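Undergrad: Quick note, the sequences are listed as chains U and Z, same order.
In this text, residue positions in the first sequence follow this note's numbering: the first is 1, and each later residue adds one.
In this text, residue positions in the second sequence follow this note's numbering: the first is 1001, and each later residue adds one.
Just so you know, even glycine gets a beta-carbon here, dropped at the ideal spot from N, CA and C.
Note that the coordinates shown come from a computational prediction; the quantities given were computed from them, not determined experimentally.
The structure is given below, and queries will be raised subsequently.
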Amino acid sequence: MSMPTYLGMPAFPEAAAEALANPQLRRNLAHATGTIRTKRAAAVAELTDWDELRAAAKAIKDHTLANLDHYLLQLEEKVTAAGGQVHWADGAAEANAIVASLTRAAGTDTVVKVKSMATQETGLNEALAAEGITAIETDLAELIVQLGRDRPSHILVPAIHRNRAEIREIFRREMPDAPAGLTDDPAELAAAARSHLRRAFLSATVGVSGANFAIAETGSLVVLESEGNGRMCLTLPETLISVVGIEKLLPSWRDLEVFLALLPRSSTAERMNPYISTWTGVRPGDGPRAFHLVLLDNGRTTALADKIGRQALRCIKCSACLNVCPVYERVGGHAYGSPYPGPIGAILTPQLRGMSSAADQALPYASTLCGACYDVCPVAINIPEALVHLRSLAVDSRRHARFQTDFPAERLALGAVAWTLRGRRRLAFAQRAASASRKLFGASGSAAWTRRLPLLGGWTRTRNLPVPPPESFRAWWARTRQDDASPDSPPEIAPGLPSPGTAPRQTGSGTADE
Amino acid sequence: MSDWARPGSPGAAVSRERVLGRVRAAIGRAQGAERDVAAEYAALPRGYLRAHHDPAEHDIVALFAERAADYRAVVESVTTAALPAAIARVIADRARAGGTGAWFAVPAGLPPGWLSRVADGTPGVRLAGDDPPLSALELDSCAGVVTGCALAIAETGTIVLDHGPGQGRRALTLVPDFHLVVVRHDQVAADLPDALAGLDPALPQTLISGPSATSDIELVRVEGVHGPRTLHVLIATADCQG
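Structure, rendered in structure tokens:
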């Protein structure tokens, strides 16, 4: 298993501290995420059956994952029958080597690329460069990142950390054919990218893509995009190579009616993104003459084996969770040290990469557990639940590594938190108990004594224990809304932990003003 | 070439078995174990709507026109009888904008009457078929392309090409900067479920919602990147309405 840990990348706390000291970055991010949050809420509110679509998507993905071997074999059979060739890649190095050898076999040293998370994850561009093959990124944001010798910081908009003035500077510096009087008008910048890439598209012989969905029943692949660069790469080259994670499968063509309703609205906040391409094997006289599908594991089966962690594999990479995350909005994507930033990255990266490094052990802590990510997730991934679970695994792996942990009570405590958060009644009881414990803090409300607690000293040395409120939100709600709910059946709103179909949609905690 | 990179090599087979083995171990299934995947799949909850605008209560052709225009497509409705004149007018306008020598690509299988009036508007405007196939460079130099479509989706303002007769191969509607597409009123589906059910997945499909666009700079939507920068939609309504 491997995914490049960015070289020299510090663990999240240090990287976050550095990002927080950059006011330009924070302004760019706040502006961009604020814009998309408002638009997404409007696009989602248009569909009165959003909760039912979300429930169907979750069920379809769970069913697919529970029968993944069956569907993988079906996909392989259908792609092969349609004239495509299927390759299986254990890890990143293998996937990259397959692409390199297929490119070489096609007789070229240049490939045009559609934006793809799978090939970001495998570090394909660097691996191809080492083999003397040039990969040209054709998505505008990926091009900005590539020309700026930068790293992507967002799943959907990898250059979200750059504003228009910075992008103009990158184009003027790195794009030899940029027009002389190029301004920072986004339309002009897009036009410059169009003419810059035109020749590459028209002469390309190998295209490399990922896929948003792979349909087992028919062997069809599906790519969603906006600019038309995807259509160029999928259509004009003679050879097409698609690197696709094994979690991208859907059982049937019909399932697209669910996912094409959810993904564009969650992602670009549009009713539909400008272009969707589907293809099945090769089509004589139309498009590539050779099609290769590379099925990528690279840690996905490790995640699949974890009953709580596997829900991360439902992810359709919409990036809605990034746009609502208070932590992401302030630190940006680079601090997460992985192609998958934000809340989904905090649960996906440590599972794909393993939890042996300090950077990966720190990722599950890169969250306030506010639950906004769960609220907006179109496939209902309970990110807070997975984060808490992974925190307890992180403590486990530290203990294995050092034989003795700094915080002997932390793992036990996190296990108890996970158990409590999974049950409504357990949570209510815990909150009542916490309120009762106020007595311990006395009239002054001082928490100084908690620094001297046995076992917990390592934890509380660096943290002030907050004094519990006299009444939890749930208890307050039950008391002041006696008409609607009795204390025995508390309302379906758990603080910070919305559950599918119950939290107020569209203006859920994440999309509301922060 | 590394051994496992060569399809059909022993190394490649090892990777395939290793991945499948890990999948089976992870989900707790033995190879060939009895299970009814089809029955499980059929029982999945699908409580969502088949259409967000019921065709019995809404004018879905008007909804399609409105939503396609939302994404900056140029949308006009004309009667079927007036369609050839409308096509001629749009092409003439575009040809004038394109300067002398403007020519348009035309796929095989376009209804014969559609282009019957083109010469009236701008004498000398040239139409070129795609047989033998035009090269990508040739397509890059044409003024535009005229096609029909497989169907359209009202809810999302989407046009679907299955690249059958009258639509051309994929490159034909991709490389030119201008795409004139005719949608017959009886081709408009209310929403995604009906539209997808009407498509053949074995054919390549292209779903088009407005001209090419990007939101990659500060999440501001800009129309016009690599695909056609102008999408002109002519909706052919039933003659009796006109």
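Cβ of Z:G1198 less than 8 Å from any chain U Cβ?
TA: no
Undergrad: U:G207 and U:L250: beta carbons closer than 8 Å?
TA: no
Undergrad: Report the neighbours of U:W253 on chain Z: residues whose CB is nearer than 7 Å to its CB, in chain order.
TA: L1196 and P1201
Undergrad: Check for me: the beta strand (DSSP E) holding U:I241 runs from which residue to which?
TA: T239 to G245 is the extent of the beta strand (DSSP E) around U:I241.
Undergrad: Would you call the CB atoms of U:L295 and U:V331 closer than 8 Å?
TA: Result no, Cβ atoms of U:L295 and U:V331 do not sit closer than 8 Å.
Undergrad: According to DSSP, which residues form a beta bridge with U:Q85?
TA: U:H292
Undergrad: Counting only runs of 4+ residues fully inside the region 1147-1233 of chain Z, write out the alpha helix (DSSP H) ranges in chain order.
TA: 1192-1197
Undergrad: Could you pull out every residue in the same chain whose Cβ sits closer than 8 Å to the Cβ of U:E217, ignoring the five residues on either side in sequence?
TA: Q74, K78, P251, S252 and W253
Undergrad: With a threshold of 8 Å between beta-carbons, can U:D286 be considered close to chain Z, or not?
TA: yes
Undergrad: Mind pulling the chain Z residues with CB within less than 9 Å of U:W476?
TA: Within chain Z, no residue comes near U:W476; the closest Cβ sits about 33 Å away, beyond 9 Å.
Undergrad: Got a sec: is the Cβ-Cβ distance from Z:I1027 to anything in chain U below 8 Å?
TA: Yes, contact with chain U.
Undergrad: Whose Cβ in chain U lies nearer than 7 Å to the Cβ of Z:T1158?
TA: At a beta-carbon threshold of 7 Å, the residues of chain U lying near Z:T1158 are M272, ordered along the chain.
Undergrad: Leaving aside the five residues before and after U:G84 along the sequence, list all residues of the same chain whose C-beta is less than 6 Å from its C-beta, in chain order.
TA: Within the same chain, U:G84 has close Cβ partners G281, F291 and L293.
Undergrad: Using DSSP bridges, identify the partner residues of U:E137.
TA: U:K113
Undergrad: Would U:E188 and U:L182 be called neighbours here (beta carbons separated by less than 8 Å)?
TA: Going by C-beta atoms, U:E188 is nearer than 8 Å to U:L182.
Undergrad: Return the residue from the list U:N67, U:G228 and U:T108 that minimises the CA-CA distance to Z:A1039.
TA: Residue U:N67 is the option with its Cα nearest to Z:A1039.
Undergrad: Could you tell me whether the Cβ atoms of U:L427 and Z:T1214 are closer together than 8 Å?
TA: no
Undergrad: For U:E492, would you say it is in contact with chain Z, using Cβ-to-Cβ distances shorter than 8 Å as the test?
TA: Residue confidence for U:E492 is low, a pLDDT of 48 falling below 50, so the modelled location carries little weight; the figure read from the coordinates is stated next. No - not a single Cβ of chain Z is within 8 Å of the one on U:E492.
Undergrad: In chain order, what residues of the same chain lie with their CB nearer than 6 Å to the CB of Z:E1223, ignoring the 5 residues before and after it?
TA: R1072, P1211 and A1213
Undergrad: By DSSP, does Z:E1034 sit in helix, in strand, or in coil?
TA: coil
Undergrad: Taking CB distances under 8 Å as the criterion, tell me whether Z:S1209 reaches chain U.
TA: yes
Undergrad: Under 9 Å, CB to CB, which of the residues in the region 1119-1134 of chain Z have a partner in chain B?
TA: Among the protein chains of the structure shown, namely U and Z, there is no chain B.
Undergrad: Could you tell me how far apart the beta carbons of U:A135 and U:L128 are, in whole angstroms, since I believe they sit closer than 8 Å?
TA: With a Cβ gap of about 5 Å, U:A135 and U:L128 count as contacting.
Undergrad: Are the C-beta atoms of Z:V1225 and some chain U residue less than 8 Å apart?
TA: yes
Undergrad: Would you call the region 411-426 of chain U in contact with the region 336-345 of chain U, where contact means no fewer than 3 C-beta pairs closer than 8 Å?
TA: no
Undergrad: Determine the contact status of U:L65 and U:R353, defining contact as a CB-CB distance below 8 Å.
TA: no
Undergrad: Measure from the C-beta of U:V243 to each C-beta in chain Z and report whether the shortest distance is under 8 Å.
TA: no
Undergrad: For the region 330-345 of chain U, list every residue whose C-beta sits within 7 Å of some C-beta in chain Z, in sequence order.
TA: none
Undergrad: Kindly give me the distance between the Cβ atoms of U:T278 and Z:P1201, rounded to whole angstroms, as I take these residues to be in contact under 8 Å.
TA: 7 Å
Undergrad: Going along chain Z, which residues have a C-beta under 7 Å from U:N163?
TA: E1218
Undergrad: Buried or exposed: which applies to U:H161, given that a residue is buried once 16 or more other Cβ atoms fall within 10 Å of its Cβ?
TA: For U:H161, the number of other beta carbons within 10 angstroms of its own is at least 16, and it is reported as buried.
Undergrad: Hey, could you find the ends of the alpha helix (DSSP H) U:W476 is sitting in?
TA: F473 to T480
Undergrad: With H, G and I counted as helix, E and B as strand and the rest as coil, what does DSSP make of U:I276?
TA: strand
Undergrad: Could you tell me whether the Cβ atoms of Z:V1225 and U:A193 are closer together than 8 Å?
TA: yes
Undergrad: Since Z:Q1205 meets chain U, which of its residues come closer than 7 Å, beta carbon to beta carbon?
TA: Those are T278, listed as they occur along chain U.
Undergrad: Using a 10 Å radius around the Cβ and a threshold of 16 neighbouring Cβ atoms, would you call U:F171 buried or exposed?
TA: Burial call: buried.
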